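Novice: Let me give you the structure first, and then I'll get to my questions.
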Amino acid sequence: DIADVEGDKFLGLTTYPIIAGESKSIRLVIVTTVIIGVLSFIPFYIGYYNYWYGILLILGVEIPLGVLVVFMLNNPSIRNIKYCADLLKFSTIVGLIAIYFGEVL
55 DIADVEGDKF
65 LGLTTYPIIA
75 GESKSIRLVI
85 VTTVIIGVLS
95 FIPFYIGYYN
105 YWYGILLILG
115 VEIPLGVLVV
125 FMLNNPSIRN
135 IKYCADLLKF
145 STIVGLIAIY
155 FGEVL
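Numbering follows the numbering used here, with no gaps: position 47 of the sequence shown is 101.
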């Protein structure tokens, strides 16, 4: 939503970035990303998913989430925010694949 603020304002939409502002929205993204990153290891640690889940989680979810946090902290430009949105889409797909392989293999 942060990348779409101008279009949302033009359309008269009321989104969180419009109400709270860019800096609070970025903080929310960072906090949420860190929480998700930490909690996503729990199923692996308790043995619910196998080692494939752990490998895919680290390579395809945790590393991209770390990159996202670094980008958002260092240079939260619209270009980087759009890149981070694409990175989250990729991580979501890999996360679903990790869940599948964590159960099947």
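Just so it is clear, CB atoms sit at the ideal spot from N, CA and C, and this is done for glycine as well. Keep in mind it's a predicted model, so treat the numbers as computed, not measured.
1) Within a Cβ cutoff of 6 Å, which residues of the same chain sit near F125, ignoring the five residues on either side of it in sequence?
2) Since I56 and S79 are thought to touch, with beta carbons under 8 Å apart, how far apart are those beta carbons, to the nearest angstrom?
3) Apart from the five residues just before and just after I72, which ones in its own chain have a Cβ nearer than 7 Å to its Cβ?
4) Cutting at 6 Å between CB atoms, please list the residues of its own chain near G149, excluding the five before and the five after it.
5) Please say whether Y99 and G156 have beta carbons closer to each other than 9 Å?
6) Could you check the C-alpha separation between L93 and I151 for me, to the nearest Å?
7) So within the region 58-93, which uninterrupted alpha helix (DSSP H) runs reach at least 4 residues, ignoring any that extend past its ends?
8) Please state whether DSSP places N129 in a helix, a strand or coil.
Specialist: Answer, in terms of the structure:
1) N134 and C138
2) 5 Å
3) V59, D62 and K63
4) V115
5) no
6) CA-CA distance, L93 to I151, rounds to 17 Å.
7) 59-65, 70-74 and 76-93
8) Secondary structure at N129: coil, using DSSP grouped into helix, strand and coil.
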